[in-house]
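For the protein sequence lines, the chains are Z and X, in the order given. Per this note's numbering, numbering through the first sequence is continuous, rising by one, with the last residue being 169. Per this note's numbering, numbering through the second sequence is continuous, rising by one, with the last residue being 239. Everything on this sheet refers to the single structure shown next.
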Amino acid sequence: MNEVARKYAEHNVASIFLYTNEAHPAERFPHLTSMEQKFEHAAALRDDLGVTRPILLDALDGACHRAYGSMPNMTWIFNRAGHAIYKSDWTDANSVDNALGYTIDVAKRRRARETLAPFNVQRIDYRDADRMAFFNGLKRNGRQAVDDFIAAFGPPPDGFDSDSDDDAD
Amino acid sequence: MSDKSLLERYNYDEFVPDKFMPWMRFAESPELGVAAPDFPLWQLDDGAETSLKAWWSKHQFLVVEFGSFT
Chain Z
1 MNEVARKYAE HNVASIFLYT NEAHPAERFP HLTSMEQKFE HAAALRDDLG
51 VTRPILLDAL DGACHRAYGS MPNMTWIFNR AGHAIYKSDW TDANSVDNAL
101 GYTIDVAKRR RARETLAPFN VQRIDYRDAD RMAFFNGLKR NGRQAVDDFI
151 AAFGPPPDGF DSDSDDDAD
Chain X
170 MSDKSLLERY NYDEFVPDKF MPWMRFAESP ELGVAAPDFP LWQLDDGAET
220 SLKAWWSKHQ FLVVEFGSFT
């Protein structure tokens, strides 16, 4: 997503990361109880995971996040008038890239005085589903995150080592 | 429902279906193409208060990824 942000910045497209609740709280990053703690976790997101986009924090009660459907990693795109023009219940850089490319092209066509009318469309997009990387991400949060996820959705992929620190950067 | 109850339920302490499933509300989220709700937000870098509107009104388009460290 950082790369997509850089790609479209020249088109006056801003990209931000909005910090919400903890989806998989665990020993290293437990559930949030204060804004001070939320700032600390958001700083770790920037420093440890390399998010280079501006990071903004929602209120502790998730007022914004809840109003938009409170999915753990969704993406929305807004126009200057404050209308949402894209929403996705999961974040995938290819999907966002595709949406922005189309949207930028529409803006160009409008400036060229093409007569265009909006309509609604729904479709299914496809994201990378690397379960090993996902489980290693859970391990980075702490053992509780791994155990909770296994209890909810079943065992990890073959070869996943929940005890080693090799893959938890 | 008290504010404390909301804070505790939203910031759930373990990833178990009874605690996270109630928040999977994408089907109830705002429609596209109409005025979207605005909310106060806080900048990580300096702690200053801002808002979604302050960001979308300054750019041709605004991409917002929601998420957390975990």
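We put the CB at the ideal spot given by N, CA and C, even for glycine. Being a predicted model, the structure only gives us computed values, none of them experimental.
Given that a residue counts as buried once 16 or more other Cβ atoms are within 10 Å of its Cβ, and exposed if not, what is D214 (chain X)? Here residue 214 (chain X) refers to the residue found at position 45 when the second sequence is read from its first residue. Classification for D214 (chain X): exposed.
I'd like to confirm the pairing. Which residues does DSSP put opposite W211 (chain X) in its beta bridges? On the second sequence, residue 211 (chain X) is found 42 positions in, with the first residue counted as 1. BP columns for W211 (chain X) point to Z:L57, X:E218.
Residues bridged to N79 (chain Z) by DSSP? Stepping through the first sequence from its first residue, residue 79 (chain Z) is reached at position 79. Partner(s): X:F230.
For the beta strand (DSSP E) containing V13 (chain Z), name the first residue and the last one. What you label residue 13 (chain Z) is simply residue 13 of the first sequence in a count that begins at 1. It spans 13–19 - the beta strand (DSSP E) in which V13 (chain Z) sits, taken as one unbroken run.
Is I104 (chain Z) helix, strand or coil by DSSP? For the purposes of this step, residue 104 (chain Z) is identified with residue 104 of the first sequence, where counting begins at 1. Residue state, collapsed to three classes: helix.
Interface residues of chain Z facing A204 (chain X) [CB-CB closer than 7 Å]: As a working mapping, residue 204 (chain X) is identified with position 35 in the second sequence. Chain Z residues near A204 (chain X): G82, H83.
Thinking E183 (chain X) and P72 (chain Z) are a contact (beta carbons under 8 Å), I'd like their distance in whole angstroms, please. On the second sequence, position 14 is the one that residue 183 (chain X) refers to. On the first sequence, position 72 is the one that residue 72 (chain Z) refers to. The Cβ separation is near 14 Å, so there is no contact.
What number of angstroms, rounded off, separates the C-alpha of M74 (chain Z) from the C-alpha of K7 (chain Z)? Taking the first sequence and counting its residues from 1, the one referred to as residue 74 (chain Z) is at position 74. Taking the first sequence and counting its residues from 1, the one referred to as residue 7 (chain Z) is at position 7. M74 (chain Z) and K7 (chain Z): Cα-Cα distance of roughly 20 Å.
Helix, strand or coil at P157 (chain Z) [DSSP, three-state]: Counting from 1 along the first sequence, the entry for residue 157 (chain Z) is found at position 157. Three-state result, P157 (chain Z): coil.
For G236 (chain X), count neighbouring Cβ atoms within 10 angstroms of its own Cβ and tell me buried if that reaches 16, exposed if not. For the purposes of this step, residue 236 (chain X) is identified with residue 67 of the second sequence, where counting begins at 1. G236 (chain X) should be labelled buried.
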